[in-house]
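Everything on this sheet refers to the single structure shown next.
Residue numbers (the working numbering): 33 to 509.
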């Protein structure tokens with residue numbers, strides 16, 4: 033049994049290395065956006081397409097990750113995906129315009145679509161339910177080191193050297209991940225050859241791409257609101273058709289069965305709203321500090337790292353908190369604190385002392401970390417082993433869609449604020465304030481799903497309700 037858990041921990045660390053590359057990309061790119069925009073000669077907010085198209089590609093290709101892993105084996109798919117992601121990172125550094133940058137990010141998305149969900153599936157398959165909290169914490173905390181290094185390192189490189197070199201950070205990480213996975217990761221594959229669902233892949237891929245593209249274009253002030261809304265509506269309608277197909281197909285490309293599980297459904301709806309609101313921070317905070325407060329890329333990156341210091345600080349107490357208070361109480365209380373931390377960004381001013389800015393960002397990082405771990409763990413707490421592969425793929429799809437929607441929602445909220453204040457050109461401080469206020473309201477809406485959870489939700493993982501029931505039974509015995 034000891035060897036079993038030792039191997040699962042090693043696999044979790046390997047997968048965490050893949051998460052590290054994704055986090056370093058998002059944080060470094062966000063910090064360097066203004067300087068990249070100058071190179072490409074476009075407004076900084078317009079570069080959100082480079083961030084969104086990556087997540088859009090993930091949303092399109094993640095559904096087939098479980099089918100490919102079953103067919104070719106988890107180790108084979110995982111190492112190939114890391115190779116593609118690393119090569120695409122180099123190509124990002126060679127781009128000369130936003131079109132080339134978007135194309136390179138699409139290639140990165142194809143690699144990420146196979147890399148992360150397949151890695152998470154291996155961790156879930158090699159970890160017992162009672163150890164799931166520790167495994168998820170182990171899976172995510174090394175990746176949080178990337179956002180700590182990303183803002184200051186990315187800002188330093190972008191300010192005093194060239195933003196092109198920031199993408200080379202993925203090369204040594206990718207090479208190490210390939211070697212480690214080849215030697216240590218199990219090559220899990222299914223003995224049953226599940227038929228591929230081409231119509232499901234076509235319908236869902238087109239639907240998700242249309243929704244993501246429509247949201248992104250609505251979030252850019254380019255005078256194309258009517259076509260953008262039309263594309264968005266088309267994606268939603270096609271999504272309804274896709275769901276009907278997935279429910280009727282014997283081997284659908286996306287397994288919707290996990291939505292029958294209350295804990296998975298709650299973390300899907302409430303967790304998505306939370307991720308949408310919180311994923312705007314790496315995009316909006318550096319922009320506000322640079323465009324609104326007049327800071328340099330290095331100064332804003334150094335200040336932004338306090339978000340991720342808070343992320344790491346919370347990791348040491350995540351498991352004890354969940355075991356003491358359970359999932360429902362933790363998600364509701366911490367979710368409220370998260371909304372407050374987002375709203376607090378609307379009170380920041382250029383004259384606000386640096387230590388106050390750092391404290392607000394650090395508090396937000398603490399809340400983010402707790403909520404992310406609780407949602408990620410509860411999602412799979414009640415999923416049976418035989419359904420874990422489909423649930424992992426579906427969960428990764430929802431998570432990446434929400435993250436992509438977050439970037440687009442941040443751009444949309446900023447443009448709505450600029451339209452409300454009748455500002456043209458670059459946004460100013462009051463525009464960012466209104467944008468953060470809108471996103472705080474969105475985070476509050478996510479609490480509705482968590483309030484509906486049973487007090488004993490996820491008890492098999494946290495042991496919270498199980499321990500209380502045991503204590504009540506002892507006197508009677």
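Glycine included, each C-beta is placed from N, C-alpha and C at the ideal position.
query: Residue 467, DSSP secondary structure in three states; result: helix
query: Rounded distance between the beta-carbons of residue 355 and residue 495, thought under 8 angstroms; result: 6 angstroms
query: Continuous alpha helix (DSSP H) stretch holding residue 285: start and end; result: No alpha helix (DSSP H) contains residue 285, which DSSP labels as neither H nor E.
query: Nearest residue (CA-CA) to residue 151, options 97, 133 and 270; result: 97
query: Exposure of residue 253, with buried meaning 16 or more beta-carbon neighbours within 10 Å; result: Any reading at residue 253 needs caution, since the residue's pLDDT is 48, under 50, leaving its predicted position unreliable; the model's value is listed next. Buried, since its Cβ has 16 or more Cβ neighbours within 10 Å.
query: Where the alpha helix (DSSP H) through residue 132 begins and ends; result: 130–157
query: The alpha helix (DSSP H) enclosing residue 107, as first and last residue numbers; result: 106–125
query: Cα-Cα separation between residue 263 and residue 351, rounded to whole angstroms; result: 43 angstroms
query: The segment 392–407 touching the segment 129–145, judged by at least three CB pairs closer than 8 angstroms; result: no
query: Residue 290 versus 427, 401 and 156, residue with shortest Cα-Cα distance; result: 427
query: Cα-Cα separation between residue 206 and residue 108, rounded to whole angstroms; result: 15 angstroms
query: Contact the segment 87–103 vs the segment 189–205: 3+ CB pairs below 8 angstroms; result: no
query: Opening and closing residue of the alpha helix (DSSP H) in which residue 399 lies; result: 386–411
query: Exposed unless 16 or more other CB atoms sit within 10 angstroms - verdict on residue 46; result: buried
query: Outcome for residue 418 when other beta-carbon atoms lying within 10 angstroms are tallied against a minimum of 16; result: exposed
query: Collapsed DSSP secondary structure at residue 231 in the structure displayed; result: helix
query: Nonlocal neighbours in the same chain, by C-beta distance under 6 angstroms from residue 255, ignoring five residues either side; result: Legend: pLDDT at residue 255 = 49, less than 50; position of this residue unreliable, value from coordinates given subsequently. Result list for residue 255: empty, nothing under 6 angstroms.
query: Other residues of its chain near residue 514: CB distance less than 6 angstroms, five sequence neighbours each side excluded; result: Within the shown structure, residues of the chain are numbered from 33 to 509, placing residue 514 beyond reach of any answer.
query: Sufficient close CB pairs (3 or more, under 8 angstroms) joining the segment 363–380 to the segment 474–486; result: yes
query: Simplified DSSP state of residue 202, which is helix, strand or coil; result: helix
query: Cα-Cα separation between residue 285 and residue 209, rounded to whole angstroms; result: 28 angstroms
query: Run of the alpha helix (DSSP H) containing residue 479, from where it starts to where it stops; result: 479–483
query: Buried or exposed by the 16-neighbour rule on C-beta atoms within 10 Å, applied to residue 214; result: exposed
query: Which of helix, strand or coil DSSP assigns to residue 377; result: helix
query: Buried or exposed (CB count within 10 angstroms, at least 16 for buried), residue 453; result: exposed
query: Nonlocal neighbours in the same chain, by C-beta distance under 8 angstroms from residue 219, ignoring five residues either side; result: 105, 106, 107 and 108
query: The segment 365–379 / the segment 461–474 touching (three or more Cβ pairs under 8 angstroms); result: yes
query: Test item: CB-CB of residue 316 and residue 393 under 8 angstroms; result: no
query: Beta strand (DSSP E) runs wholly inside the segment 417–441, at least 3 long, in chain order; result: none
query: Under the three-state DSSP convention, the category residue 166 falls into; result: helix
query: Local Cβ density within 10 Å of residue 211, reported as buried at 16 or more and exposed below that; result: exposed
query: Assumed close pair residue 244, residue 154 - CB separation to whole angstroms, cut-off 8 angstroms; result: Between residue 154 and residue 244 the Cβ distance is about 27 angstroms, and since that is not below 8 angstroms, they are no contact.
query: Of the residues 295, 346, 281 and 56, the one placed nearest residue 200, counting alpha carbons only; result: 56
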